[in-house]
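To start, the structure under review is shown below, and the notes come after it.
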Amino acid sequence: MRLSGESSTGVPLKATLICLLVMFSLFATSFAQGRFGQIGSDNDDVMRLVQIKDLMAGQGWFDLTQTRLGPDGGTLMHWSRLVDLPIMLLTWFFDLFLASDTALVWAYSVWPPLCVLGVLAGVYFGSVKLAGHQAALFCLALAGILLLGHYRFLPGAIDHHNMQLALMVLAIGLLADPRRGAVQMTWAGLATALSVAIGGEVYVFAGTICAFVALDWALTGQAARNGAIGFGAGLVAGLEACFFATIAPADYTRVACDALSSVSLLAGMVGGLGLAVAALLTSGRSLVLRCVALGLVGCAAGAVLLLTGPQCLSNPLSELSPQVRHLWLDQVNEARPVLAPSPAFLQDVPFRLGVMVVALIICGWRIWRRVNVRAHLLFLALIGAALALTFYQARFYAFGHVFAILPLGLWVADLYRQGKAKGEGSVVYLGALALSLPIVWGMPGLLLTQRNAEISLAARADNAACLGDELYTQLNSLPQGRILASADFGPILLLRTRDSVLYGNYHRNAMGIEQAIQLILSRPGESQALLNDAGIAYVIACPSDPETRFMTQQDSEGLMARLNRGEVPSFLRAVPLPETRSGAATLYIVHPNWTDNSVDDDIS
1238 MRLSGESSTG VPLKATLICL LVMFSLFATS FAQGRFGQIG SDNDDVMRLV
1288 QIKDLMAGQG WFDLTQTRLG PDGGTLMHWS RLVDLPIMLL TWFFDLFLAS
1338 DTALVWAYSV WPPLCVLGVL AGVYFGSVKL AGHQAALFCL ALAGILLLGH
1388 YRFLPGAIDH HNMQLALMVL AIGLLADPRR GAVQMTWAGL ATALSVAIGG
1438 EVYVFAGTIC AFVALDWALT GQAARNGAIG FGAGLVAGLE ACFFATIAPA
1488 DYTRVACDAL SSVSLLAGMV GGLGLAVAAL LTSGRSLVLR CVALGLVGCA
1538 AGAVLLLTGP QCLSNPLSEL SPQVRHLWLD QVNEARPVLA PSPAFLQDVP
1588 FRLGVMVVAL IICGWRIWRR VNVRAHLLFL ALIGAALALT FYQARFYAFG
1638 HVFAILPLGL WVADLYRQGK AKGEGSVVYL GALALSLPIV WGMPGLLLTQ
1688 RNAEISLAAR ADNAACLGDE LYTQLNSLPQ GRILASADFG PILLLRTRDS
1738 VLYGNYHRNA MGIEQAIQLI LSRPGESQAL LNDAGIAYVI ACPSDPETRF
1788 MTQQDSEGLM ARLNRGEVPS FLRAVPLPET RSGAATLYIV HPNWTDNSVD
1838 DDIS
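Counted the way the numbering used here counts, the sequence shown spans residues 1238 to 1841.
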């Protein structure tokens, strides 16, 4: 019998409407902000578009080298083609009835809101299996409010995190079903593998999911047999398919710790196949034997990791020099610890952590009350991992927020049901709903630090004013060359000009970052030689740029500090721009042969 409110396909009509409303609200937010059709505001969105355009211009599918980023030879990026593919397919679709440039704009505008449907699908499936259709509506409503206007899903936000978030939540929703069906567990394994193949940010979460499935089988035995086999098979199939689809044969043996490579493939295959075989052979045996079998699988996977990629057990960022860590990595906002001092500290910390802390408390409480214990153990492990990683790097809070949707939504739905059962007009669930929203946690801090927030917004506006169409036009009229500019300017300069840039905020660009820091801080008498050695043709200086201001504070006699004071060395010539705007950057041409016979950095 079909439940009231369900469509002919068996999908509840209200749930479908909520999903569509969430997706279209993202389009509406983008239109209201006047940003629809524009690439996302995050530099990674811009760099992703650069990568896609290079692919469309004829760069090889397996070639991820960004030839215009860094010193000679370029920078081998670690971003997977798996994210480029759906945007390319959408572009080809829109190209059937739109101009090619317009088709690409529509493709990168449509893709992020489509990713939100993956999140909602995982939320819906998990909540229905755990608590029924009414609870699913509460979970979807919470997801809709939390994701409304979320920058990761707004049109133009084509950074890979939205796809990873969708795959992670989809896997969680499928795993939450207490029946552990083989088919859905296989799909959960595939989703986990795809998220791993897209980027190394989710290695900890994927490892947590794999450990949960393995321990669940070891403790449960026969009831989890088919699900464990399916998950292991799905994980292996997904990793193999992604590896051979995105890695060139010449690179099959190359080890990369920050992306899918031979080490992650082999370790994942040993773990996935080992779990499937152990479940197949020992599910009906004793708990001790299952634990021994699982221990052997874990040891085998660990041995493969140690033999093929022991360097991957350390943090790849630890190889950066102390100067690069201090002057670059420690200044990248998303890479800083969540408790690092900032002007918006009182707003950002509660906003990022509050929901995760509440979700952890609710998970612990419901486990103690024996409510969906298995699922809440999964939620607890993943949210705990996200919280720990957020203390390391603030960017991981976004994962914790989406992981918290299911346990918090189920909690709100349960409070609503209890209030209805008492026959009272209880509104306790509204309080629970408020505690489940990040904006509620961030609001007091926002009010207390309103002035700091205004200063921060003004700084971002000044930064955006640095680069304009007139600068790109001028650069495109000059011979191609390498630009020394703020790291934040790198991706947009690659997108809007034919030139190369020395550095951007990408850890594989370590050599370019180190060279750029040396140039920016270079003293009189050494700047010209360093610029020539780095092959710099143009320098862009903007006093209002936050990075430039920070570098100026490090050394008042550095090259960029001198340029900001108007002290222009003789080998640099300012290029007049067609229009002059307040706060706009200044473009300088480097003339390697223009020197002063007595003073290398003579002021012109």
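The C-beta atom is built at its ideal place from N, Cα and C for all residues, glycine as well. None of the values given here were measured: they were computed from a predicted structure.
Inset, instruction - Leaving aside the five residues before and after N1801 along the sequence, list all residues of the same chain whose C-beta is less than 8 angstroms from its C-beta, in chain order. - result: Here residue 1801 refers to the residue found at position 564 when the sequence shown is read from its first residue. For N1801, where only same-chain residues beyond five positions count, the Cβ hits under 8 angstroms are A1778, P1780, T1785 and T1789.
Inset, instruction - Keeping to the same chain, check which residues put their C-beta closer than 7 angstroms to that of G1618; ignore five residues upstream and five downstream. - result: Within the sequence shown, numbered from 1, the residue matching residue 1618 stands at position 381. Inspection of the sequence shows that residue 1618 is occupied by Ala rather than by Gly. These residues qualify, in order along the chain: T1445 and F1449.
Legend entry - Contact check, L1643 vs A1413, beta carbons under 8 angstroms: Start at 1 with the first residue of the sequence shown, and residue 1643 comes out as number 406. Start at 1 with the first residue of the sequence shown, and residue 1413 comes out as number 176. It is a contact, given that the beta carbons lie within the stated cut-off.
Legend entry - Minimum C-alpha distance to A1394 - residue among L1326, R1305, A1344 and R1745: Counted from its first residue, the sequence shown places residue 1394 at position 157. For the residues L1326, R1305, A1344 and R1745, the minimum Cα distance to A1394 belongs to A1344.
Legend entry - Per-residue burial, T1823 [other beta carbons within 10 Å of its own, 16 or more giving buried]: Here residue 1823 corresponds to residue number 586 of the sequence shown, with the count starting at 1. Result: buried.
Inset, instruction - Sort out for me which residues DSSP pairs R1810 with in a bridge. - result: Position 573 of the sequence shown, counted from the first residue, corresponds to residue 1810. Paired residues: I1826.
Legend entry - Of the residues Q1560, V1665, L1614 and R1607, the one placed nearest L1859, counting alpha carbons only: The structure shown does not extend to residue 1859, since the chain is modelled only from 1238 through 1841, so no value can be given for it.
Inset, instruction - Return yes when the Cβ of A1403 is within less than 8 angstroms of the Cβ of G1355, no when it is not. - result: By one-based count along the sequence shown, residue 1355 stands at place 118. By one-based count along the sequence shown, residue 1403 stands at place 166. Yes, Cβ-Cβ distance for G1355 and A1403 is below 8 angstroms.
Legend entry - Cutoff 8 angstroms; reference P1415; Cβ partners in own chain excluding five residues on either side: For the purposes of this step, residue 1415 is taken as the residue at position 178 of the sequence shown. Excluding sequence neighbours, P1415 sits near K1366, L1367, N1609, R1611 and A1612.
Legend entry - Whole runs of the beta strand (DSSP E) within the region 1754-1799, excluding any shorter than 3 residues: 1773-1778
Inset, instruction - Out of L1518, S1278 and G1511, point me to the one whose CA is closest to C1536's CA. - result: For the purposes of this step, residue 1536 is identified with residue 299 of the sequence shown, where counting begins at 1. Among L1518, S1278 and G1511, the Cα nearest to that of C1536 is on G1511.
Inset, instruction - Under 7 angstroms Cβ to Cβ from L1276, same chain only, skipping five residues before and after it: list those, please. - result: Numbered from 1 along the sequence shown, position 39 holds the residue referred to as residue 1276. The identity of residue 1276 in the sequence shown is Ile, whereas the question assumes Leu. If we look at I1276 and ignore the five residues flanking it on each side, its Cβ neighbours are D1282, V1283, L1286, Y1345 and G1393.
Inset, instruction - Look at the Cβ atom of S1222, then the Cβ atom of V1492, and state whether they are nearer than 8 angstroms. - result: Given that the chain is displayed from residue 1238 to residue 1841, the structure contains no residue 1222 and the question cannot be resolved.
Legend entry - Opposing strand residues paired with V1738 [DSSP bridges]: Residue 1738 sits at position 501 when you count from the first residue of the sequence shown. Bridge partners of V1738: L1306 and I1720.
Inset, instruction - May I ask you to list the residues that DSSP assigns as paired with T1312? - result: One-based indexing of the sequence shown puts residue 1312 at position 75. In the DSSP output, where bridge partners are listed per residue, T1312 has Q1303.
Inset, instruction - Classify I1692 as buried or exposed, calling it buried when 16 or more other Cβ atoms lie within 10 Å of its own Cβ. - result: One-based indexing of the sequence shown puts residue 1692 at position 455. Residue confidence is low: I1692 scores 46 on pLDDT, short of 50, so the model does not pin down where it sits. No coordinate-derived value is stated.
Legend entry - Beta-carbon spacing of V1433, V1439 below 8 angstroms: In the sequence shown, residue 1433 corresponds to position 196, counting from 1. In the sequence shown, residue 1439 corresponds to position 202, counting from 1. Cβ distance < 8 angstroms, so V1433 and V1439 count as in contact.
Legend entry - Run of the alpha helix (DSSP H) containing Y1629, from where it starts to where it stops: By one-based count along the sequence shown, residue 1629 stands at place 392. First-last of the alpha helix (DSSP H) with Y1629: V1610 to Y1629.
Inset, instruction - Output the distance between the C-alpha atoms of P1587 and M1314, rounded to the nearest integer angstrom. - result: Numbered from its first residue, the sequence shown carries residue 1587 at position 350. Numbered from its first residue, the sequence shown carries residue 1314 at position 77. So the alpha carbons of these two residues sit roughly 34 angstroms apart.
Inset, instruction - Tell me whether H1387 sits in a helix, a strand or coil according to DSSP, three-state version. - result: Residue 1387 sits at position 150 when you count from the first residue of the sequence shown. Looking at H1387 - three-state DSSP - the assignment turns out to be coil, as it is neither helix nor strand.
Legend entry - Anticipated Cβ contact below 8 angstroms, L1531 with A1455, distance rounded: On the sequence shown, position 294 is the one that residue 1531 refers to. On the sequence shown, position 218 is the one that residue 1455 refers to. That belief holds up - the Cβ atoms of L1531 and A1455 are roughly 5 angstroms apart, short of 8 angstroms.
Inset, instruction - Could you round the C-beta distance between V1575 and R1589 to whole angstroms and report it? I think they count as a contact, below 8 angstroms. - result: Taking the sequence shown and counting its residues from 1, the one referred to as residue 1575 is at position 338. Taking the sequence shown and counting its residues from 1, the one referred to as residue 1589 is at position 352. Confirmed, Cβ separation roughly 6 angstroms.
Inset, instruction - Please state whether DSSP places V1441 in a helix, a strand or coil. - result: Working through the sequence shown from its first residue, we reach residue 1441 at position 204. If DSSP states are grouped into helix, strand and coil, V1441 belongs with the helices.
Legend entry - Identity of the residue in P1486, L1685 and Y1634 nearest L1383 by Cα: Locating residue 1383 in the sequence shown gives position 146, where the first residue counts as 1. Selected option, being the one with the closest Cα: Y1634.
Inset, instruction - Leaving aside the five residues before and after R1603 along the sequence, list all residues of the same chain whose C-beta is less than 6 angstroms from its C-beta, in chain order. - result: Counted from its first residue, the sequence shown places residue 1603 at position 366. Excluding sequence neighbours, R1603 sits near H1613.
Legend entry - Cβ-Cβ distance between L1731 and R1305 below 8 angstroms: The residue labelled residue 1731 in the question sits at position 494 within the sequence shown. The residue labelled residue 1305 in the question sits at position 68 within the sequence shown. Against a cut-off of 8 angstroms, the Cβ pair of R1305 and L1731 comes out as a contact.
Legend entry - C1256 (DSSP reduced to helix, strand or coil): The residue labelled residue 1256 in the question sits at position 19 within the sequence shown. Three-state DSSP puts C1256 in a helix.
Inset, instruction - With a threshold of 16 other CB atoms inside 10 Å of the CB of A1269, please say whether the residue is buried or exposed. - result: Locating residue 1269 in the sequence shown gives position 32, where the first residue counts as 1. So A1269 counts as exposed.
Legend entry - Given C1352 as reference, the closest of V1259, A1671 and V1473 once Cα atoms are compared: Looking up residue 1352 in the sequence shown gives position 115. Ranking the options by Cα distance to C1352, first place goes to V1259.
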